[in-house]
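> Pasting a structure here, questions to come.
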Amino acid sequence: MVLDTFEALAMLAAIFGILILGTTHLRTNLSFYSLHTTAIAAVTAWIANITHDSHLYLVAAAVFAIKAWVIPYFLNTVIKKIGIGTDSGAFIAAPLSMHLGALLLGLSYVISLQIPGLIGDPDSRIGSTAAMSILFSGVLLMLTRRAAISQIVGFLVIENGIYLFAVTQTHGMPLMVEMGLLLEVLVAVMVAGLLLFNIKKSFEHIDVSQLTELKD
Amino acid sequence: MFNDLTQISAAHLFTAASALWLAGIGLTALGRERVKDILLAAVLLVGCLMALSGAAISWNHPVEYNQLQFLSFGLAQADARVDPLSVPFIALLGLLGAAAAVASPSHLAAFKEQGKKGHYWKLTFIFMIGLLQVLLAANAVAFLVFWEIMSLSSAALVAADHIRHRAQRAAFAYLTATRISTAFITAAFLFMHQNTGSWSLAAWHFDTPESLCAAVLLLAGVCTKAGIWPMHVWLPLAYPEPPAPTSALFSGLVSNLAIYLLMRLLLAGSCSHMIIAYVALALGTVSAVWGVLFALMERDLKKLLAYSSVENMGIILTAIGVAILAHSHGLADVAALATAGALFHSLNHGLVKALLFLGASSVERAAHTREMSALGGLSKNLPWTMLCFFVGSLSICAMPPMNCFASKWLLYQTFFHLSFAHVPIMERAIALAMVGILAFVGALSLACFTKAVGIAFLGRPRSEAAAKAKESPSGNPDGLILAQLLLTVACVMVGTSVPIALDGLTPALQQLTNNPALVGSSLFPMPLGQLTLVGALLVSSIYIFVLGGRSATAKSYITWDCGFGPLSTRAEETGSSFSHPIGRIFSQVLQMKVSTEISGKDRRHFPEIVKVETFMTPILETKIYQPLINAFDWLSSSLVRLQTGSIHIHLLYVFLTMILLVFLDTNI
Amino acid sequence: MTLNLHAVLETLGFTATFLLLPPLIVGVIRKTKARFQNRIGAPVLQPYYDLLKLLSKSETISKHTSWIFRSTAAVNLSMLIILAFLAPWTSFRPFDLASDLFLVIYLLALTRFFTVLSALDAGSAFGGFGASREVTLALLVEPSVILCLASLGSVSQSSDLAFVFSFKNMELLNQPGLWFLAGCGLFLASLVELSRMPADDPTTHLELTMVHEAMILENSAANLALVEYSHFLKILILLGISSQCLLHAVPYFWHSTELIRAGASIACILLMAVSIAVIESVAVKLRWTKLPEFIAYSVAMSIFCVFIALGKNLN
Amino acid sequence: MNELLYLMILPAALALISLFLEVKLTRKLVPIVTWWQLAIVAFVLHPCLQGTERMQFASGLAIDKMGTYFILLTTFVVSCCVTHADYFFAAAEAAGDAYADRSLRLFYASVNLFLLAMTTVFLCDNLGYLWIAIEATTLSSAPLVYFERNKFALEATWKYLIVCSVGIAFALLGTVFIFAASQRGTPMEPTLNISELITHAQLLNFPLLRLGFIFCLIGYGTKAGIFPLHTWLPDAHAESPAPASAMLSGALLNCALFGIWKVASIINAAQPHSHVHQLVAVLGTVTVVAASLLLLRQHNFKRLWAYSSVENVGLMVFAIGLGSGPLFFLQALNHSLAKVALFLLTGNIIQASGTKKLNKMHGVIEDCPIWAGLLALAAFAVTGAPPFGAFVAEMSMLSLSMSDGRWILALIMTAAIAISFVAILAHVGKVIFGSGKQGFKSFQPARASIIPAILVLGTLVLGVGLNTEVWSGSWSVIR
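Heads up: the protein sequence lines correspond to chains A, B, C and D, in order. Going by numbering that gives the first Met the number 0, the residue at position 164 of the first sequence is 163; the numbering climbs one at a time, nothing skipped. Going by numbering that gives the first Met the number 0, the residue at position 164 of the second sequence is 163; the numbering climbs one at a time, nothing skipped. Going by numbering that gives the first Met the number 0, the residue at position 45 of the third sequence is 44; the numbering climbs one at a time, nothing skipped. Going by numbering that gives the first Met the number 0, the residue at position 244 of the fourth sequence is 243; the numbering climbs one at a time, nothing skipped.
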């Protein structure tokens, strides 16, 4: 199978996404996340190139600026401020979850064949596979990591997966929507980061699996 | 012309009564003196009199009116109508309401807090409005609305003495039962609406195959509300709890309205489902026997009365069952008898049970207890209460010439006539067996009420409180006694003029049986009034000529004590020992066990302390309801365990649901 | 309106019969029992003397009693007098008074209601015992009585006992089995209702074990006389009804004259009195807990009656 | 465009002002302005209330009758809550645990942003904007949940934020799918514009549309609290201060459900009787059943009402599954009125008795009869007892469901509603009845009752004055 450039980039993004699963070191996670988002921005730019859609360039730039640069920078600052560098542990050991992520990449391919309406549309299959895989990586990240910051990263990865899906399957949504989404994600991360400080202050840790006071 | 006039005025009277009561709620906020109680009682009374006169005017003239149509409950407006079936119940409501109004001020005089009085009045007025409008509702939605208003306000009245845990529990049990009943009835209404496309109660007929489902649901709902076995467990808890005046309304009307609904829909709607008839017969029979058996074993005076309601509701239900049966067989005479029996008995029972509850409340007020083992000898201190309770007991045991005798007689005749009608032999066998069962139930209820009167009022006082009891705080008969007397007179009057009463019910019976030739009094050919007269003459002449002349010379002495000297009152028969022989016979049903504990050095010959205790395990509660509650509890707690508090698990739910829904979506 | 002299005379005769006969029946029972015990016994008319004696005595009343106690005797006697007019205890009836089956049963129940309450009124332990037992027995007996009579009524399609027991109802003509079973069932039930052996021994003086006597322990003088007399009247009526059943079982009486029937009615009642005496002489009082087993026979009879009645109307 | 400005300017301005203004002033000012806002909204949007008129503000921003109703309801709820909040904070001061000025400033700023976001939700005619607006409601309400600044509030806020954001992310995926559906195999221009999608619904790629709807259902359903996605809901509703709980329950849930409704109306236009509707109806029923069972075992007064909200969400989802917009709104309206009254009253009672634990509360009727009476009435109202409005809505729903042939669901629903009634009344009964509580400090009970009384009266009027056939007939759009 010969991959298009943008497909190759998408797969690269998926692989970076899986690599995030491989370590509990938070700053490494963030670096991988940055690379992963950069790849997605590149996909966007390449598709803009194909479709000659000028607004996609803008989106690519914004994605790169906000998601690959501002957000990781902000989260890095948070990590520094609260002084917790590694995740306190995972429910599934990090390497294992990375392997699981890799397996899910395969599954994603199978699923993307199943999506109704996309069947028989070969040019989108790799893109949706990558997007699905990223989605799964994010889900795994959220489900297996204890640190609050990992959950934020997990959410971001899921969001990236959906974004990649949108870009590859529909060649980008309307500009206003894309920009709104970006802004929204940014604010969400900010709010979550502020809460993170408070969690650290109140509980002296950021292990969300210990937040189980509220139940029936 | 005259007809129009009566229609308008009857409708106006009912609306005005409701409006007056509504205004009464507002009046509770004004003034703070005792005058207010009398004013509010007057409001209640005037409303009741309006309802009574409205019923009298519209007795023979069905009225449909739209004065309440500014109220709209979403699916339908508050259409109202008065038809022959609702009129007798409205009359009962007016009478019992008047009794409650008369009893209220003296009941409230004992209250210290103003707030409680306010609650009492507000809830009573709402309750009354609910009761009246349920009877006037012409469509199912309005019916449901007022039905719930009535149920909820009466539940709040049950909780009137809410400081006590018992009242809270009772209110909760009642609320649960009434909500379950409403759920069933709602489902039945939905089905009927689906079948007929109309909410009007008059448009519903239960003679099509698809109406079976609705009929079953309706029966279930009515059984729950009327306290039919096995859904009666709430009844002995709830009936004793409301304040004295409202307990009369509660016991006399709440269950009766369920029966009213059943008659309105199934009888007037010409139900032709045999299965309904059989189920009604079976459930009615079981609850008649069960109710009276438990009533007999009961130690609490008001609970005894409550269980007796279970019995009577059961009997009425059997009659309705037979009416359906006879209707589908085309037996006009049996159907007429059964319908008349059911209708007349539910009215009579309402009247009598209200009277008895007022009497029991009077006892409770005087002796501060309802435990029969702590009562006794009240006939001296509470002569009026005693008289009224005695008459009520006579009536509820269906002793001639009381009103319940006539209705019970109609029921006997129903089964008797069915036993030689042209129906399958099984049904005839059931009919004859039912005659025996009715006799059995009658004998049990005689045992039950001789116990109630004999243990509570006769003999010697078993406690200090009973010995010091006074008819009323002032010692003179007050409103509560007056209310009892009112109902007593009503009972006796109905009992001695049965043909007139039945003639009054003729329009209702015609409506229920769809038989315009039916005349109520023709169903009851016995000259009971004349017999009563003869009996009364005989009794008084024997009393005067044989006994009366000698009372002056009669020597008053203690009760025979076998020469041991004054006996302790503990040697008297108690309620439990009175019913013990019967309890032993039915120990399987009652789960009755007796434990005897004898202690002392030489236990066999010289026992020092003998302790005998009887235990009863309520079989339904422990064997059916407790497991059911446990099951719900288990279900609930396993669901609660889903809420682990771990965010990871919560996220997992989101993902799993997503997978499930996507799977479902792509595969259906 | 002209008074029908004949009817008046008939009524007077009828009234005199049922008013005077009851003590005689009891006298017969007592005499027979005495003979069985090889005693001469009191004269047959002794119950009359006893009643008269009681009437002349002065009364002692417990101070704990209420008006119930005083009125019970009057109520019971009145109800039984009415019952004597209504119930078909003899084939001879001076006038056509509809006597409804259920009314008869409930009038009997009314007397029980008062009796039981009056027993509880004085607050003595014995009265309580008696009352408690009375209602228990009534509970067991009532269904059998009503089923016997109702199955007769069901066959004749009428609940009017006067019609059922009139020798005119052709539906019932050839039903000796039904009549006989009903008669036996009613007789057994009457033994219990009337507090005779083996349900109750009216002659012991151990009130602890008794039913009826325990209930009337507090009554004295005229009050006692009325209560006793009412009880005698009840014996007459109940035995009368069961004897009527037996007479109807004999086809001969269906075709005989009224006079023969009337004579046979009285004779049969007296015969039954004798048989009660015989039973009481040869049987023992059953233990209280064994009584349901005895009453079960009566109930069984009534169930047979029901079966026959159902079969008779089998279309 | 001008109208849009009118609708948005006040909340936006207030959000800014309240950050800087004296808190005492803000507490008085915000309610007054919010009631003004209600008047303005009513004035601007009143043409939409008559007939079928839509108002188009800009591309992707438009409002129809349904949206207008909801926007009015939301503004009304927020107005009530901020009005009551003034009392709430005064009572807290009187009880001696006044909140810091900083907290209050943030509270009022967030409330106004929250109102702004919610207003926007109903103005959206574009699925993308809708998503953004709904996510914005989450973000702006997070500070409200965290208002108490304790560990519990923190935990609740975190769960709220993360679970809802993740859930909502799926709604984004759904939106993408619907966008793809408008792109594939049809001659039309790809669009996210809802009214266009509805107009061209027949041309859309239905399998993709359906998939998109499912993802939107999951996403907005998480926000709305459909079982088993509701897990964050009791935490957030119970830990936020009473006025905020009331807004979360009475206004925010409606926004999420409105999202579901919007997407459902596209499906409805594409294929009116698809299995998807059945699925939604079943999901609603499951939610009601589960919530009614969960209600049986509650120990915390506010969690009780939170679960009751879950139950009502189930009912609204059921209405959406039946495809009936009017009934959906009617249920939402009645639920909002009753639930806001309940949360506010519950807040009062908790402040006065100093505990949230149900087993430690008793005898409110002795301590403060007016609160007890209102609590009972509101509880009746929220459980669908007549003569309150929820009864009308539920009855109409059941009736509609019967006529659609879904009588099994109707029966299950009837039973579940009965169970929830019993469960709620059991708890409320224990709170109301019994002997009075030691140390119950009711603060200005009459003043505290004004807003709840108005709300209860409102739902009562709806219960006795509404003819649903006439009313829903006037919608003409859908059923």
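Beta carbons: idealized from backbone N, C-alpha and C, even for Gly.
Does the beta-carbon of I31(D) have 16 or more other beta-carbons within 10 angstroms, so that it is buried, or is it exposed?
Taking the fourth sequence and counting its residues from 1, the one referred to as residue 31(D) is at position 32. Classification of I31(D): exposed, given that the 10 Å Cβ count is below 16.
> At least one CB of chain D closer than 9 Å to the CB of N197(A): is that the case?
Along the first sequence, read from residue 1 onward, the residue named residue 197(A) stands at position 198. Judged by the 9 Å Cβ criterion, N197(A) is in contact with chain D.
> How about S201(A): is its C-beta nearer than 9 Å to some C-beta of chain D?
Residue numbering aside, residue 201(A) sits at position 202 when the first sequence is read from its first letter. For S201(A), the answer is yes, since a Cβ of chain D falls inside 9 Å of its Cβ.
> Between I669(B) and S153(B), is the Cβ-Cβ spacing less than 9 Å?
Outside the shown range of chain B, which is 0 to 667, sits residue 669(B), and nothing can be said about it.
> By Cβ distance, which residues of its chain are closer than 7 Å to T208(C), with the 5 residues on each side in sequence left out?
For this step, residue 208(C) is matched to residue 209 along the third sequence. Answer for T208(C): no residue qualifies.
> Pick from F110(B), S85(B), M49(B), F142(B): whose alpha carbon is nearest that of P386(D)?
Locating residue 386(D) in the fourth sequence gives position 387, where the first residue counts as 1. Closest option to P386(D), Cα to Cα, is F142(B).
> What does the alpha-carbon distance come out to for the pair V285(D) and L18(D)?
Sequence index remark: in the fourth sequence, residue 285(D) carries index 286 (1-based). Sequence index remark: in the fourth sequence, residue 18(D) carries index 19 (1-based). Rounded to whole angstroms, V285(D) to L18(D) spans 43 Å at the Cα level.
> Note down, in chain order, each residue of its chain lying with its Cβ closer than 7 Å to the Cβ of A59(A), except the 5 sequence neighbours on either side.
To locate residue 59(A), count along the first sequence from 1; it is residue 60. So the qualifying residues of the chain are A40, T43, A44, A47.
> Taking CB distances under 9 Å as the criterion, tell me whether H647(B) reaches chain A.
Taking the first residue of the second sequence as position 1, residue 647(B) is located at position 648. Closer than 9 Å to some Cβ of chain A, the Cβ of H647(B) qualifies, so yes.
> From S153(C) to W253(C), what does the alpha carbon distance come to, in whole angstroms?
Working through the third sequence from its first residue, we reach residue 153(C) at position 154. Working through the third sequence from its first residue, we reach residue 253(C) at position 254. C-alpha separation (whole angstroms): 20 Å.
> Pull out every residue of the region 432-451 of chain D whose Cβ sits closer than 8 Å to any Cβ of chain B, in chain order.
Of all residues in the region 432-451 of chain D, F432, G433, S434 have a Cβ within less than 8 Å of some Cβ in chain B.
> Determine the extent of the beta strand (DSSP E) in which S193(D) is found, giving its start and end residues.
Working through the fourth sequence from its first residue, we reach residue 193(D) at position 194. Correcting the residue type first, residue 193(D) is Ile in the shown sequence and not Ser. Here I193(D) belongs to no beta strand (DSSP E); instead the alpha helix (DSSP H) covers 193-198.
> Between Q168(A) and chain B, is the shortest Cβ-Cβ distance under 9 Å, so that the two count as touching?
Your numbering for residue 168(A) matches position 169 in the first sequence. By this cut-off, Q168(A) is not an interface position.
> Quick check on L25(A) - is its C-beta less than 9 Å from some C-beta in chain B?
Start at 1 with the first residue of the first sequence, and residue 25(A) comes out as number 26. L25(A) does not count as touching chain B.
> Ordered along the chain, which non-local residues of its own chain (more than five positions away) have a Cβ less than 6 Å from that of M0(C)?
For the purposes of this step, residue 0(C) is taken as the residue at position 1 of the third sequence. Model confidence at M0(C) stands at a pLDDT of 47, short of 50, so the residue's coordinates are unreliable; what they give is reported in the following sentence. Here the set comprises nothing.
> Which term fits E158(A), buried or exposed, when burial requires 16 or more other beta carbons within 10 angstroms of its beta carbon?
For the purposes of this step, residue 158(A) is taken as the residue at position 159 of the first sequence. Buried is the call here.
> Just checking: is the beta-carbon of E596(B) within a distance shorter than 9 Å of some beta-carbon in chain C?
Within the second sequence, the letter at position 597 stands for residue 596(B). Cβ-Cβ to chain C under 9 Å: no for E596(B).
> Would you give the residue range spanned by the beta strand (DSSP E) that G73(B) belongs to?
Looking up residue 73(B) in the second sequence gives position 74. Here the beta strand (DSSP E) through G73(B) covers 71-73.
> Between the Cα of L72(D) and those of Y86(D), L171(D), T33(D), S109(D), spot the shortest distance and give me the residue it belongs to.
Mapped onto the fourth sequence, residue 72(D) falls at position 73. The residue with the shortest Cα to Cα distance from L72(D) is T33(D).
> Quick one, which of C490(B), M433(B), A172(B), M525(B) has its alpha-carbon nearest A149(C)'s?
As a position in the third sequence, residue 149(C) is number 150, starting the count at 1. Out of C490(B), M433(B), A172(B), M525(B), M433(B) has the C-alpha closest to the C-alpha of A149(C).
> Counting only the same chain and skipping the five closest in sequence on each side, list residues whose C-beta sits under 7 Å from that of M385(B).
What you label residue 385(B) is simply residue 386 of the second sequence in a count that begins at 1. L377, S378, F456.
> At a CB distance below 7 Å, what residues from the region 395-410 of chain B approach chain C? Give them in sequence order.
If the cut-off is 7 Å between Cβ atoms, the region 395-410 of chain B has C396, A397, M398, P399, F404, W408 near chain C.
> Name, please, each residue of chain D whose Cβ falls closer than 7 Å to the Cβ of A191(A).
Counting from one through the first sequence, the residue named residue 191(A) turns up at place 192. Going along chain D in sequence order, the residues near A191(A) (Cβ under 7 Å) are L160.
> At which residue ranges does the region 509-577 of chain B contain complete alpha helix (DSSP H) runs of 4 or more residues, listed in the order of the chain?
The region 509-577 of chain B contains these whole alpha helix (DSSP H) runs: 527-541.
> Output the distance between the C-alpha atoms of V476(D) and D664(B), rounded to the nearest integer angstrom.
For the purposes of this step, residue 476(D) is identified with residue 477 of the fourth sequence, where counting begins at 1. For the purposes of this step, residue 664(B) is identified with residue 665 of the second sequence, where counting begins at 1. Caution applies to V476(D), whose pLDDT of 45 falls short of 50 and renders its modelled position unreliable; the value that the coordinates give is listed next. Computed Cα separation, rounded: 27 Å.
> Assuming E2(D) and M54(D) are in contact, meaning their beta carbons sit under 8 Å apart, how far apart are those beta carbons, in whole angstroms?
For the purposes of this step, residue 2(D) is taken as the residue at position 3 of the fourth sequence. For the purposes of this step, residue 54(D) is taken as the residue at position 55 of the fourth sequence. Confirmed, about 7 Å.
> Assuming A137(B) contacts L218(B) (C-beta within less than 8 Å), just tell me the rounded distance between them.
The count along the second sequence starts at 1 and reaches residue 137(B) at position 138. The count along the second sequence starts at 1 and reaches residue 218(B) at position 219. No, A137(B) and L218(B) are not in contact; Cβ-Cβ is about 22 Å, not under 8 Å.
> Can you give me the C-alpha to C-alpha distance between I28(C) and M214(C), rounded to a whole angstrom?
The residue given as residue 28(C) occupies position 29 in the third sequence. The residue given as residue 214(C) occupies position 215 in the third sequence. In a straight line, the C-alpha of I28(C) is about 22 Å away from that of M214(C).
> Less than 9 Å between CB atoms is the rule here; does H272(D) satisfy it with respect to chain A?
As a position in the fourth sequence, residue 272(D) is number 273, starting the count at 1. Closer than 9 Å: no.
> Would S158(C) be called buried (16 or more neighbouring beta carbons within 10 Å of its own) or exposed?
As a position in the third sequence, residue 158(C) is number 159, starting the count at 1. Counting Cβ neighbours within 10 Å, S158(C) comes out buried, since at least 16 surround it.
> K592(B) lies in the beta strand (DSSP E); which residues open and close that run?
Here residue 592(B) is taken as the residue at index 593 of the second sequence, counted from 1. Unbroken beta strand (DSSP E) run through K592(B): 591-598.
> For a contact meaning CB atoms closer than 7 Å, what does A373(B) contact in chain C?
On the second sequence, residue 373(B) is found 374 positions in, with the first residue counted as 1. Near A373(B) there are no residues of chain C at all, since even the closest Cβ is about 14 Å away, more than 7 Å.
> Going by Cα to Cα distance, which pick from A280(D), L465(D), G457(D) is closest to K79(D)?
Here residue 79(D) refers to the residue found at position 80 of the fourth sequence. The residue asked about is misnamed: residue 79(D) is Cys in this sequence, not Lys. Here the closest residue by C-alpha is G457(D).
> According to DSSP, what are the bridge partners of Q55(D)?
In the fourth sequence, residue 55(D) corresponds to position 56, counting from 1. According to DSSP, which records beta bridges pairwise, Q55(D) is partnered with A61(D).
> Should V455(D) and L376(D) be called a contact, given that it needs their Cβ atoms to be closer than 9 Å?
Translated into positions along the fourth sequence, residue 455(D) becomes position 456. Translated into positions along the fourth sequence, residue 376(D) becomes position 377. Yes; because the gap between Cβ atoms is below 9 Å, this pair is in contact.
> Between the region 68-81 of chain C and the region 176-187 of chain C, do three or more beta carbon pairs fall short of 8 Å?
Cβ pair count under 8 Å is below three, so no.
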